[in-house]
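Comments concern the structure below.
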Amino acid sequence: VLAEKRNLGGKDGPPRLVVVVPLHGGVAAQHALRLLQSQESAIVRGGEGPGGGFALLCPRLKQRWRFVAAQAGDLHAVLDLAKVADSLLFILDPADGWDSAGEHCLSCLFAQGLPSYALAVPGGTDLPPKKRIDAKKKLAKAIEKRFPEAKLFPLNTEQESSLLLRHLATQKQRHLAFRDRRAHLLAYAAEFVPSQESDQVGTLKVSGFVRGQTLDVNSLVHIVGHGDFQMSQVDAPPDPLSLNPRVAKGQKKSQDMDVQEDSVSGTDEMEEDVKVLMKADPSKQESLQSEVVPDPMEGEQTWPTEEELQEAEASLKANRRVVKVPKGTSKYQAAWIVDDGEEGSEEGDDNDEDDDFGDDMMEEAVSQEGESSELEEEPAEEECEIMTVSECIRDDQYDEKVEEDEQMLEKYKQERMDEMFPDEVDTPRDVPARVRFQKYRGLKSFRTSPWDPKENLPRDYARIFQFQDFFRTRKHLFRQIEKEETEGASVGWYVTLHVCNVPVSVMESFKEGKPLVLFSLLPHEQKMSVLNFLVRRHPSNSDPVRAKEELIFHCGFRRFRASPLFSQHTSADKHKLERFLRPDAALVVTVYAPITFPPASVLLFKQRSNGMHDLIATGSLLAVDPDRIIIKRLVLSGHPFKIFTKTAVVRYMFFNREDVMWFKPVELRTKWGRRGHIKEPLGTHGHMKCHFDGQLKSQDTVLLHLYKRVFPKWTYDPYVPEPVPWVRSESALPVQEVEME
13 VLAEKRNLGG
23 KDGPPRLVVV
33 VPLHGGVAAQ
43 HALRLLQSQE
53 SAIVRGGEGP
63 GGGFALLCPR
73 LKQRWRFVAA
83 QAGDLHAVLD
93 LAKVADSLLF
103 ILDPADGWDS
113 AGEHCLSCLF
123 AQGLPSYALA
133 VPGGTDLPPK
143 KRIDAKKKLA
153 KAIEKRFPEA
163 KLFPLNTEQE
173 SSLLLRHLAT
183 QKQRHLAFRD
193 RRAHLLAYAA
203 EFVPSQESDQ
213 VGTLKVSGFV
223 RGQTLDVNSL
233 VHIVGHGDFQ
243 MSQVDAPPDP
253 LSLNPRVAKG
263 QKKSQDMDVQ
273 EDSVSGTDEM
283 EEDVKVLMKA
293 DPSKQESLQS
303 EVVPDPMEGE
313 QTWPTEEELQ
323 EAEASLKANR
333 RVVKVPKGTS
343 KYQAAWIVDD
353 GEEGSEEGDD
363 NDEDDDFGDD
373 MMEEAVSQEG
383 ESSELEEEPA
393 EEECEIMTVS
403 ECIRDDQYDE
413 KVEEDEQMLE
423 KYKQERMDEM
433 FPDEVDTPRD
443 VPARVRFQKY
453 RGLKSFRTSP
463 WDPKENLPRD
473 YARIFQFQDF
483 FRTRKHLFRQ
493 IEKEETEGAS
503 VGWYVTLHVC
513 NVPVSVMESF
523 KEGKPLVLFS
533 LLPHEQKMSV
543 LNFLVRRHPS
553 NSDPVRAKEE
563 LIFHCGFRRF
573 RASPLFSQHT
583 SADKHKLERF
593 LRPDAALVVT
603 VYAPITFPPA
613 SVLLFKQRSN
623 GMHDLIATGS
633 LLAVDPDRII
643 IKRLVLSGHP
653 FKIFTKTAVV
663 RYMFFNREDV
673 MWFKPVELRT
683 KWGRRGHIKE
693 PLGTHGHMKC
703 HFDGQLKSQD
713 TVLLHLYKRV
723 FPKWTYDPYV
733 PEPVPWVRSE
743 SALPVQEVEM
753 E
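First residue of the sequence shown: 13, per the numbering used here; consecutive thereafter.
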């Protein structure tokens, strides 16, 4: 523990990374950064790329820091920097603490996993001393709920900034499990080299300090927000933040003795004498393959013989005929055209009528097809015309909001009905129940009845990977990490990674000032499988969320979009599907996504129509398990018409005799706890005679439960749009309460 504490920020470890996060619109991070730069006996290094911030070297304390300011309102930047930060420095307002956007930011950070932190309060010097003490007490009381036993550091003078620096250097480090087991780095400098084939893709040279674990050149790296990539080599340029300028780590003695006095640019360092540490070995390098390419013939049991193939070809040739048809006729329409030569003379009159009818159909079909082709060409023009009209824009926008309100009202009604009558559906009148519910089955007991997990799997299951024993594989991998069996760039080394086939958009976002964060992947973490997350509804949001709605996932170091299934969290082998995300219980969320080894936090966001992201649920990764059986339950209800001692005539569950006979083997239940079965149908309109284990009450309802296994849809999308900045309000109340006011 002591060695780890001494290495962080020392000459043998990476600089202590401090991310400055302003939590109020009225405070500026730049003022705090200027105060921290004004330290005596400390060397300030700037010019570390477009991301802003600076490095602080203190040879007397043998410490070095790197300060990075998170852009106000950029949620993705704050979350990405918090993934790799050693400490977070929250800047509070002396009067209000934080506003609604700061509350939203804190909720996300606490759910993702909070590293070590410190609270700084600049300003407040213009108040009289007595009021200043009262304001400080009020602020301490306000932050007590979020940060119990936290100390507030005033940040107005050089001496106060020195105390804050000392606290950051000596505070206990919090460990985040998902990053401690993976090598990661925050880019200090980056350079893009286009490939020979295209300017849009090339090699990205990323320089930074290795953190977490040893970095292996043969493993894959994940650039947060951009995807998975391979590395070609790892270089060791001179350390730009060395406490001892004479000897750079892993290098010979530097000939230039004035390194400390000059501002060092990351790209200039990369161009100096660079030592190649290691190159990727193609035989050991991890593959980027994320899906299995399914063979459609793999499940076939028989193969046709040569004679059968010849017979099939002969029958196809025999069935073919050449027909003269109007231009633009489809194959389906051509099949209905009858040749004059094929008819016999005995059927002449009838065939003439048929020909007229066929010609009429052809003319109608061709005219309809012409109209449809015209209609298909028109929408682009119509859309352009609609875009140019400017008189009704406000009315249209207002009507759109009204439509959204109506859709939300319908969702509220459905959620309420599902709470009052869980899983109940009306038996259709136009379709026989045995046809409508043909994929469902009855179970004697939902808990104990068997269900084969390999039965009737969808085609998407041929594309994913499955572990024979997921937790054993995870245990084996983590044991290897603890033994430090991997070879590569050690923690604290300043290295340059050559990342292959990276789109130029990654470099453009880095030039815009957004953080560039890289994580190395453990084996198999690029492959697709079925992930199950255990989540609980966040109290700041109460809008109804249906299953299969598109949500945004922040899982560990990944971001993606998907439409999940919700199911109950139980210890049984079957789990009932939930149609809505419940506010009062923990649920399991199931999606197709790349494999991630737990522990890993997960945040679920829902994108509004205006582009803002609402935090709706938080939790953690439960397991990677395609065999998890999610069962959708349907409940058909009927009403007792005539009640006898232990029998009753039930109606309105079915509406024909055949349906009653079809569902006769399924057990019946009632809302008041009776059990029974169907004895026989009565008449032809769906009445049935049922036997129960006791006499029914007239107000009881007879239920028939049907079950079907459901699977998630393949809706995985690694692209997540940038969220619109949160609208700030001058209050530390939760966001939802502010909006309601």
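Heads up, the beta-carbon is just placed ideally off N, CA and C, and yes, glycines get one too.
Shown here, G623 sits in coil according to DSSP, grouped into three states, outside any helix or strand. The region 648-668 and the region 610-628 do not touch, with fewer than three beta-carbon pairs separated by less than 8 Å. The C-beta distance from L29 to V218 rounds to 16 Å, too long to fall under 8 Å, and the pair is not in contact. Under the 10 Å beta carbon count, S579 is surrounded by 16 or more other beta carbons and is classified as buried. Of the residues assessed, L421 falls on the exposed side of the cut-off, its CB having fewer than 16 other CB atoms within 10 angstroms. Per the DSSP secondary-structure output, F531 pairs in a beta bridge with H196, H234. By the 16-neighbour rule on beta-carbons within 10 angstroms, Y731 is exposed. Put simply, of R193, T169, F165, R191 the residue whose alpha carbon is nearest the alpha carbon of L180 is F165. Within the same chain, F609 come within 6 Å of R486 by CB-CB distance, once the 5 residues on both sides are set aside.
In the displayed model, K523 falls within a helix according to three-state DSSP.
Taking all protein chains in view, the Cβ of R78 is crowded by 16 or more other Cβ atoms within 10 Å, so the residue is classified as buried. Looking at D472, L530, F653, the one whose alpha-carbon comes closest to that of D307 is D472. Put simply, of V514, F723, V507 the residue whose alpha carbon is nearest the alpha carbon of P250 is V507.
Nearest to F477 by C-alpha distance, out of G239, E303, E524, is E303. When the Cα atoms are used, R573 and P606 turn out to be separated by approximately 12 Å.
With a threshold of 16 other beta carbon atoms within 10 Å, M429 falls short and is exposed. Annotated three-state conformation of E436 is strand, per DSSP. Rounded to the nearest whole angstrom, the CA to CA distance from K586 to N544 is 14 Å. In the displayed model, Q42 falls within a helix according to three-state DSSP. In this structure, R687 sits away from L694, with a CB-CB distance that is not shorter than 9 Å. The beta carbons of T226 and S554 sit about 46 Å from each other, so the pair does not count as a contact at 8 Å.
The C-beta separation of L300 from Q538 comes to about 6 Å, placing the pair in contact by the 8 Å criterion. Within the region 527-591, the runs of beta strand (DSSP E) that reach at least 3 residues and sit entirely inside it are, in chain order, 529-532, 540-549, 563-567, 570-574, 577-580, 586-590. Per DSSP, K149 is one residue of the alpha helix (DSSP H) stretching across 141-154. Per DSSP, the unbroken alpha helix (DSSP H) holding E172 starts and ends at 170-182. Here V56 really is in contact with L68; their C-beta atoms are around 6 Å apart, less than 8 Å. In the displayed model, D671 falls within a helix according to three-state DSSP. Leaving aside the five residues that flank L708 on each side, the residues in its chain whose CB is nearer than 7 Å to its CB run, in chain order, P652, I655, A660, T682, R686.
Under DSSP, M243 takes part in a beta bridge, and its partners are V511. Shown here, A94 sits in a helix according to DSSP, grouped into three states.
Between the region 114-126 and the region 83-103 there are three or more C-beta pairs closer than 8 Å, enough to call the two in contact. In the displayed model, V222 falls within coil according to three-state DSSP, outside both helix and strand. In terms of CA proximity to V31, V80 leads the group V80, G25, R72. In the DSSP assignment, Y506 is bridged to F221. Boundaries for R645: no alpha helix (DSSP H) harbours it, while the beta strand (DSSP E) harbouring it runs 641-655, taken from the DSSP string.
In this structure, the straight-line span from the alpha carbon of G500 to that of S244 is close to 13 Å.
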